[in-house]
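Structure, as structure tokens:
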Amino acid sequence: IEQTAYQNDKLAMLGRISASIAHEIRNPLTAIRGFIQLLRPHLMELGRDEYARIILTEIDRANDIIYEFLNSSKPSAPQKTAVSVMGLLKEVVMLTESEALMKGCQIALNENDKLMRVSIDVKQIKQVMLNMIKNSLDAIESISREREGCIDIHTVLEGSYVHICIEDNGLGMDHNTLSRLFDPFFTTKESGTGLGLAVSYRIIKNHGGFIHVDSKHGRGTQFIITLPVV
Ligand code: ADP
Numbered sequence: 138i139e140q141t142a143y144q145n146d147k148l149a150m151l152g153r154i155s156a157s158i159a160h161e162i163r164n165p166l167t168a169i170r171g172f173i174q175l176l177r178p179h180l181m182e183l184g185r186d187e188y189a190r191i192i193l194t195e196i197d198r199a200n201d202i203i204y205e206f207l208n209s210s211k212p213s214a215p216q217k218t219a220v221s222v223m224g225l226l227k228e229v230v231m232l233t234e235s236e237a238l239m240k241g242c243q244i245a246l247n248e249n250d251k252l253m254r255v256s257i258d259v260k261q262i263k264q265v266m267l268n269m270i271k272n273s274l275d276a277i278e279s280i281s282r283e284r285e286g287c288i289d290i291h292t293v294l295e296g297s298y299v300h301i302c303i304e305d306n307g308l309g310m311d312h313n314t315l316s317r318l319f320d321p322f323f324t325t326k327e328s329g330t331g332l333g334l335a336v337s338y339r340i341i342k343n344h345g346g347f348i349h350v351d352s353k354h355g356r357g358t359q360f361i362i363t364l365p366v367v
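Numbers in the UniProt record's numbering are just positions in the sequence shown, counted from 1, shifted up by 137.
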């Protein structure tokens, strides 16, 4: 799936705008959050705690969106260092394990090729992996009553590239979702930002890599991230 010039322009514009206004919006949001928390006991007395809960959730969501804007507006040239692919994956799996456990999901990391190294911006690529695994966890959460969730992660070396495969047995995607999932702001989640994959796509492209996706609605999804090896 190719990200179009239009999508790239949209992301670049978004980055410029967000960098200039994000902080200005964050400050009043922080103030609003604080005061709502002070008001909360009074709302509770009135039997309106639900209102406070909604306001807080929505403020947090606005903050998440701003945070992702800021990330997408950072200078796009990666600060590269050579690291082990397996080491990186192990770290990312560790970071997501507690959430997986809570959702009753297994993450299986297949540790083959321990020596394989890539030259990457560790922070950016970690963000991509976290996005992918979190998406898989969300997809699994929504079918958790039907089957046990599992995420399989493995790598395949092909010539001077490594394919990092992240496969889940979650909800999968229908045709409409598949055709739009890299669009900035496209989301099917109630509290999604729709920025995770758009930003991931740009990061991988900036590393000279590719993202490939394969999904069956109701069955599961596989993302393949391809990066040049050192
Ligand atoms: P968000 O997670 O905020 O919705 P993303 O850009 O990360 O934004 O994802 C866009 C959409 O792509 C999601 O709302 C979801 O519909 C779909 N998606 C992404 N990953 C998966 C997955 N592993 N399984 C099913 N659907 C997915």
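Built from N, CA and C at the ideal position, the CB exists for glycine as well. Given the structure is predicted, the values throughout are model-derived calculations rather than measurements.
Q | Close Cβ partners of residue 138 (< 7 Å) along its chain, the five nearest in sequence each way excluded | A | Here the model assigns residue 138 a pLDDT of 49, short of 50, so the residue's position is not dependable, and the following value carries that caveat. The residues are 319 and 350.
(Q) On the CB-based measure, 16 or more other CB atoms within 10 Å of its CB, does residue 375 come out buried or exposed? (A) Given a span of 138 to 367 for the chain in the structure shown, any question on residue 375 remains unanswerable.
(Q) Ignoring anything shorter than 4 residues, give me the alpha helix (DSSP H) runs that lie fully in the segment 228-280, in order along the chain. (A) Counting only runs of 4+ residues, the alpha helix (DSSP H) found wholly inside the segment 228-280 occupies 259-278, in chain order.
Q.
On the criterion of 16 or more Cβ atoms from any shown chain inside 10 Å, does residue 179 qualify as buried, or is it exposed?
A. Exposed, by the Cβ-count rule.
Q) Exposed or buried, which one is residue 282 when buried takes at least 16 other CB atoms within 10 Å? A) The C-beta of residue 282 has fewer than 16 other C-beta atoms within 10 Å across all chains shown, which makes the residue exposed.
Q) In three-state terms, what does DSSP make of residue 369? A) Because the chain here runs from 138 to 367, residue 369 falls outside it and cannot be looked at.
Q) What span of residues does the beta strand (DSSP E) with residue 308 cover, start to end? A) From DSSP, residue 308 is part of no beta strand (DSSP E); its letter is neither H nor E.
Q) Residues bridged to residue 347 by DSSP? A) Within the DSSP bridge table, the entry for residue 347 names 363 as partners.
Q. Excluding the five sequence neighbours on either side, which residues of its own chain have a C-beta within less than 7 Å of the C-beta of residue 169, listed in chain order?
A. Around residue 169: 196.
Q: Specify whether the segment 178-193 and the segment 224-232 touch according to this definition: at least 3 beta carbon pairs, one from each stretch, less than 8 Å apart.
A: Contact annotation: the segment 178-193 does not touch the segment 224-232, with fewer than three C-beta pairs closer than 8 Å.
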